[in-house]
Structures are given as structure tokens and as C-alpha cells.
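Structure first, then comments.
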Amino acid sequence: MDYKKNRDEMLEKKVWAVVGVTAKKDRFGYKIWKILKKHGYVAYGVNPNYDEIEGEKIYHSLKEIPEKVEVVDMVVAPRHSINSLEEAKELGIEYIFFQPGSYNDEVVEKAEELGLKYVINDCVYAILKRKEEE
31 MDYKKNRDEM LEKKVWAVVG VTAKKDRFGY KIWKILKKHG YVAYGVNPNY
81 DEIEGEKIYH SLKEIPEKVE VVDMVVAPRH SINSLEEAKE LGIEYIFFQP
131 GSYNDEVVEK AEELGLKYVI NDCVYAILKR KEEE
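With the working numbering as the guide, the letters of the sequence shown map in order to residues 31 to 164.
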């Protein structure tokens, strides 16, 4: 798997879903959602525990999002990531960005089995923060 190629392709896509968004401002689910928006991405929040954050609708699942998502950013425990992979595949989403801590061997094997393009060992928040410093 060419993670750099996948990462570069993902960063070209403009519609993202952040699975594991949270209202807790010190958590990466919140920080990633916000920095994607700051950099011009459409970023939908997905978390079954919220209906809205800061006045924005939060979706309980990927299938509720009203627009075609191009990239799913996983910011949840592996047991939740694996459940979202099937849903992403069914919706025709081919790119998954696994944040540190959101995957394990079982999750990666499932992504491979489903033919998804994915990134591990990287962080979209760190990538976009570096761009701000350039």
C-alpha cells in the first residue's frame, strides 16, 4: 500500500467526514474537524452521541450525510472504526484516513479486504498544521 500516494490523493479531495467528532475542544476529533474547515474542506462531523456542535448538525452515521463523502477520517477506537468501514464501502467511499489509535491489525485487514485506500501512521491535523507554518 502506497500511503504517501493515498495521502496526497486524499488531500486533493474536498468532502470529508470526521468519525468521532466531539465538542471537547482539547480532543483530536474536534481539532481535526475544525482544521479541515479552516483549510477549505467540507467536513461533516459523525458521532451518534451528538446532534449538533457549535450550531452545526452532527450526523449519527455516514449514511445520514446529505452529500457524497470522499474521505472518512477515523478518530475513534478500532472497534468503532471497523464498523464504519463496511458503511463507507456501501456508500462508495474509497478513502479512509486512520488517525493514530483508530486502527489495529484487524481494522487494517478489513480495509484491505474491502479494497479501500487508506493511510496509517500519519495525522491529517499535523499535516495541515505544517502547511500553516510554511
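Note that CB positions come from ideal geometry on N, CA and C, so glycine has one too.
Only a predicted model underlies this, so the values are computations on that prediction, with no experimental measurement involved.
(request) Below 6 Å CB to CB, which residues in the same chain sit around Ile112 once its five sequence neighbours on both sides are set aside? (result) Val137 and Lys140
(request) Can you tell me which of Gly122, Ile62 and Glu42 puts its alpha carbon nearest to the alpha carbon of Glu156? (result) The amino acid at residue 156 is misidentified as Glu; the sequence shows Ala. Nearest C-alpha to Ala156: Ile62.
(request) Look at the alpha carbon of Glu124 and the alpha carbon of Arg160, and state the distance between them as a whole number of angstroms. (result) 25 Å
(message) Please state the DSSP three-state secondary structure of Asp135.
(response) helix
(message) Between which residues of its own chain and Lys67 is the CB-CB distance below 7 Å, once the five residues before and five after are set aside?
(response) Ala73
(message) In the DSSP assignment, the beta strand (DSSP E) including Tyr71 goes from what residue to what residue?
(response) Per DSSP, Tyr71 belongs to no beta strand (DSSP E) and is neither H nor E.
(request) Under 8 Å by Cβ, that's how I've got Ile126 and Leu146 pegged, so tell me the actual separation to the nearest angstrom. (result) 5 Å
(request) With a 10 Å radius around its C-beta and 16 neighbouring C-beta atoms as the bar for buried, classify Asn151 as buried or exposed. (result) exposed
(request) Take Ala118 as the anchor and find which of Val102, Gly59 and Pro78 has the nearest alpha-carbon. (result) Val102
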